[in-house]
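Residue numbers (this note's numbering), protein chains in the order written: chain U, 2 to 112; chain G, 62 to 174. Every residue gets a Cβ at the ideal spot worked out from N, C-alpha and C, and that includes glycine.
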């Protein structure tokens, strides 16, 4: 069974704080993805990674950065959290050209 | 930007009926298509994928693909209240060796007893 875990289910942060969201997968997948999901806007890709230390911008990378130091772990960083980054954050992983499997999500509230 | 369009619904059907969920996509060269189910407050889970024109059946679910019309659908037979969820259509970017998916905004399905 594929397992993708995320460090927190719920998170409350203040404007201007640096926020780290962690994602770990146990299936040796090469690809990992970070999405955010907002009502009416669907899933939007923030960043993805196809190998350790490799990353590509998605559709909405502004205000975010990522880190992939180990194959199983992909971190999303909000350098200075803002209220418009309040959202559900979803991590996914896959082998190249195969199905993406999602983690349980982190609901982030920025006050 | 690749477009994946779904009717946002809500689609409401009685228990036991067939629910039909539709999706169109803009990139004619797309090769792979996925349906995910997402319960409220939960993350998406894969239901089915389809690569070839025609129908693919898995239990009560049937995915239908028509590449000429750039159209993919999901039929749910004998709908149950537990099928009430948002269904996301996803299309794989043919130009990406990484397998990036483009998602529609989802169709909300309600099955009433």
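Proximal chain U residues relative to residue i, where beta-carbon distance stays under 9 Å
i                      : result
residue 107 of chain G : 100, 101, 102 and 103
residue 95 of chain G  : 100 and 101
DSSP-derived helix/strand/coil call for residue i
i                      : result
residue 85 of chain G  : strand
residue 141 of chain G : coil
residue 68 of chain G  : coil
residue 32 of chain U  : strand
residue 85 of chain U  : helix
residue 42 of chain U  : coil
residue 77 of chain G  : coil
residue 104 of chain U : coil
residue 154 of chain G : coil
residue 114 of chain G : coil
residue 124 of chain G : strand
residue 115 of chain U : Here chain U has residues from 2 to 112 only, and residue 115 of chain U is not among them.
residue 61 of chain U  : coil
residue 8 of chain U   : coil
residue 93 of chain G  : coil
residue 131 of chain G : coil
Under 8 Å from the C-beta of residue i: neighbouring residues of chain U
i                      : result
residue 155 of chain G : Near residue 155 of chain G there are no residues of chain U at all, since even the closest Cβ is about 10 Å away, more than 8 Å.
Nearest neighbour of residue i, chosen from the options [CA to CA]
i                      : options                       : result
residue 35 of chain U  : U:16, U:29 and U:62           : U:62
residue 91 of chain U  : U:84, U:103, U:41 and U:64    : U:103
residue 112 of chain U : U:16, U:20 and U:4            : U:16
residue 96 of chain G  : G:108, G:69 and G:89          : G:108
residue 23 of chain U  : U:82, U:29, U:6 and U:31      : U:6
residue 68 of chain G  : G:147, G:154 and G:163        : G:147
residue 144 of chain G : G:89, G:122, G:110 and G:90   : G:122
residue 18 of chain U  : U:71, U:68, U:83 and U:74     : U:83
residue 46 of chain U  : U:65, U:31, U:30 and U:29     : U:65
residue 49 of chain U  : U:42, U:29, U:71 and U:59     : U:59
residue 168 of chain G : G:113, G:90, G:110 and G:151  : G:151
residue 84 of chain G  : G:112, G:166, G:132 and G:163 : G:132
residue 69 of chain U  : U:88, U:44, U:87 and U:31     : U:31
residue 67 of chain U  : U:86, U:85 and U:21           : U:21
residue 113 of chain U : U:14, U:43, U:44 and U:74     : As displayed, chain U neither begins before 2 nor continues past 112, which places residue 113 of chain U out of reach and without an answer.
residue 89 of chain G  : G:110, G:155 and G:149        : G:155
Partner residues on chain G for residue i, Cβ-Cβ distance less than 8 Å
i                     : result
residue 79 of chain U : In chain order: nothing, as chain G lies at least about 20 Å away.
Nearest-angstrom Cβ-Cβ length linking residue i and residue j, presumed shorter than 8 Å
i                     : j                      : result
residue 87 of chain G : residue 106 of chain G : Contact doesn't hold; Cβ gap of about 25 Å is too wide.
residue 91 of chain G : residue 153 of chain G : 6 Å
residue 26 of chain U : residue 94 of chain U  : 4 Å
residue 29 of chain U : residue 71 of chain U  : Their Cβ separation, rounded to whole angstroms, is 11 Å, which puts residue 29 of chain U and residue 71 of chain U out of contact at 8 Å.
7 Å Cβ cut-off: residues of chain U touching residue i
i                      : result
residue 165 of chain G : 43
residue 104 of chain G : 91, 103, 104, 105 and 106
residue 110 of chain G : 100
Where residue i meets chain G, residues with beta-carbon distance less than 9 Å
i                     : result
residue 75 of chain U : Here the premise fails: no neighbours, minimum Cβ distance about 13 Å.
residue 21 of chain U : By Cβ distance, chain G contributes nothing, its closest Cβ being about 19 Å from residue 21 of chain U, past 9 Å.
Chain C within 8 Å of residue i, Cβ atoms only
i                      : result
residue 153 of chain G : Here chain C cannot be found, since the structure's protein chains are U and G.
- Message: Contact between the stretch 121 to 130 of chain G and the stretch 66 to 78 of chain G is defined here as three or more beta-carbon pairs at a separation below 8 Å; is this criterion met?
- Response: no
- Flag this pair as touching only if the stretch 76 to 83 of chain G and the stretch 164 to 174 of chain G have three or more C-beta atom pairs under 8 Å; answer yes or no. yes
- Are at least three pairs of beta-carbons, each pair with one atom in the stretch 138 to 146 of chain G and one in the stretch 73 to 92 of chain U, less than 8 Å apart? no
- Item | the stretch 8 to 25 of chain U touching the stretch 94 to 109 of chain U, judged by at least three CB pairs closer than 8 Å | yes
- Message: Check whether the stretch 45 to 61 of chain U and the stretch 89 to 101 of chain G are in contact - that is, three or more C-beta pairs closer than 8 Å.
- Response: no
- Message: Under 8 Å, with one C-beta from each stretch per pair, do the stretch 112 to 123 of chain G and the stretch 90 to 100 of chain U reach the 3-pair mark?
- Response: no
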